[in-house]
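Position one of the sequence shown corresponds to residue 1 (UniProt numbering), numbered consecutively onward. Inspection log for the structure reproduced underneath, given as structure tokens.
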Amino acid sequence: METLEDRQGREAQIAQEAISVRDLTKIYGEGEGRVEALAGVSLKVQREEWISIVGPSGSGKSTLMNLLGLLDRPTSGSYVLDGREVSGLKGGEVTRARRDTIGFVFQSYNLLPRESTLKNVELPMVYAGVRGAERKSRAMEALERVGLSNRASHKPPELSGGQKQRVAIARALVNSPAIVLADEPTGNLDTKSGEGILELFGELKAEGTTLIMVTHDTDVAERAERIVEVRDGLIVADDRTHDGNKTDEKTGVAS
Ligand SMILES: Nc1ncnc2c1ncn2[C@@H]1O[C@H](COP(=O)(O)OP(=O)(O)O)[C@@H](O)[C@H]1O
Ligand SMILES: [Mg+2]
1 METLEDRQGR EAQIAQEAIS VRDLTKIYGE GEGRVEALAG VSLKVQREEW ISIVGPSGSG
61 KSTLMNLLGL LDRPTSGSYV LDGREVSGLK GGEVTRARRD TIGFVFQSYN LLPRESTLKN
121 VELPMVYAGV RGAERKSRAM EALERVGLSN RASHKPPELS GGQKQRVAIA RALVNSPAIV
181 LADEPTGNLD TKSGEGILEL FGELKAEGTT LIMVTHDTDV AERAERIVEV RDGLIVADDR
241 THDGNKTDEK TGVAS
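The structure is reproduced here in structure tokens:
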């Protein structure tokens, strides 16, 4: 039987974890079209950790991110988000858990092209039932945060890639999520715009946000403190030796 101390220890550990998944599998399709995209993934992410997920195309990175972001459900496995088991939640509860905890950033921005930047950023709050005036002021704050308050009335097609991604980040931040998930956030950007996004992530991390980012780019991956490698639906490496954005004391160069 579990002693009180064991239990307290276990609960203290859970309180440290932003995310804990066990034996996650995801199977798409059936018969000839059956694809085992995740074959049993277990992963614990501490609060305020910055993780990169790397791996070849088709290895299951986006599938994992979609499960972590509660955008899709696993075929089997458990998922404890912020200390709470979420794999059994019903539709509306899932939506609320996602809205209250997670901000998601996509490679292709997923902005509504006909709506203004401001409206795009307001959108998650529309679903959260926040009233008009507050919605607008919080959306403006989020746009200021990403340096785009002067583009509030522009529409996405009038913005550069880097600006679009910053709008998408403002949208992800607007409900103050503890966790930000980003699937190839710099994948469509040139190095300089990508750098702007990574600097923003560095600031979020410093403020205590938990960050999980998928990337193809080794230099981008190295910005995190921990690099998790996925292959054929499994985690095959988990490297915690990185010191992320910290500056190398000897050379003074960001490592
Ligand atoms: N909606 C889907 N339906 C069927 N197969 C899918 C679907 N999404 C992804 N897959 C398949 O699952 C595997 C993992 O895909 P994905 O998670 O997108 O990999 P990655 O992001 O690492 O490139 C691939 O073989 C892919 O073709
Ligand atoms: Mg992908």
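Built from N, CA and C at the ideal position, the CB exists for glycine as well.
Opening and closing residue of the beta strand (DSSP E) in which residue i lies
i	result
residue 256	This structure gives no information on residue 256, because the portion of the chain shown stretches from 1 to 255.
residue 115	No beta strand (DSSP E) contains residue 115, which DSSP labels as neither H nor E.
residue 259	The structure shown has nothing for residue 259, since the chain only spans 1 to 255.
residue 234	234-239
residue 230	226-231
Residue closest to residue i, alpha-carbon to alpha-carbon, out of the options
i	options	result
residue 195	212, 162 and 218	162
residue 100	203, 114 and 92	92
residue 28	74, 8 and 231	74
residue 37	22, 50 and 60	60
residue 189	4, 89 and 107	107
residue 146	88, 81 and 166	166
residue 186	8, 223 and 5	223
residue 174	120, 76, 8 and 151	120
residue 136	182, 124, 118 and 128	118
residue 67	51, 48, 56 and 94	94
residue 256	40, 164 and 86	Residue 256 lies beyond the residue range present for the chain, which begins at 1 and ends at 255; the question has no answer from this structure.
residue 218	65, 54 and 19	54
residue 103	23, 182 and 25	182
residue 25	79, 159, 83 and 154	79
residue 22	7, 6, 48 and 87	87
residue 84	191, 11 and 205	11
residue 16	131, 178 and 197	178
residue 235	52, 241, 30 and 33	52
residue 18	49, 8 and 240	49
residue 157	69, 109 and 221	109
Terminal residues of the alpha helix (DSSP H) in which residue i lies
i	result
residue 203	191-206
residue 218	218-221
Presumed contact (8 angstroms Cβ cut-off) between residue i and residue j, rounded CB distance
i	j	result
residue 212	residue 45	7 angstroms
residue 122	residue 139	4 angstroms
residue 184	residue 210	Going by Cβ atoms, the distance from residue 184 to residue 210 rounds to 18 angstroms, so no, they are not a contact pair.
residue 111	residue 168	6 angstroms
residue 56	residue 231	7 angstroms
residue 64	residue 35	That pair is no contact at about 14 angstroms.
residue 193	residue 154	About 16 angstroms; that fails the 8 angstroms criterion.
residue 220	residue 198	7 angstroms
residue 143	residue 152	6 angstroms
Can you give, in chain order, each stretch of the alpha helix (DSSP H) that sits fully within the region 10-84 and has at least 4 residues? 61-68
Would you list the residues whose beta-carbon is nearer than 5 angstroms to any heavy atom of ligand 1, in the order they occur in the chain? 28, 35, 37, 57, 58, 59, 60, 61, 62 and 63
For the region 106-187, which segments carrying the alpha helix (DSSP H) assignment without a break, of at least 4 residues, lie completely within its bounds, in sequence order? 117-128, 132-145 and 161-173
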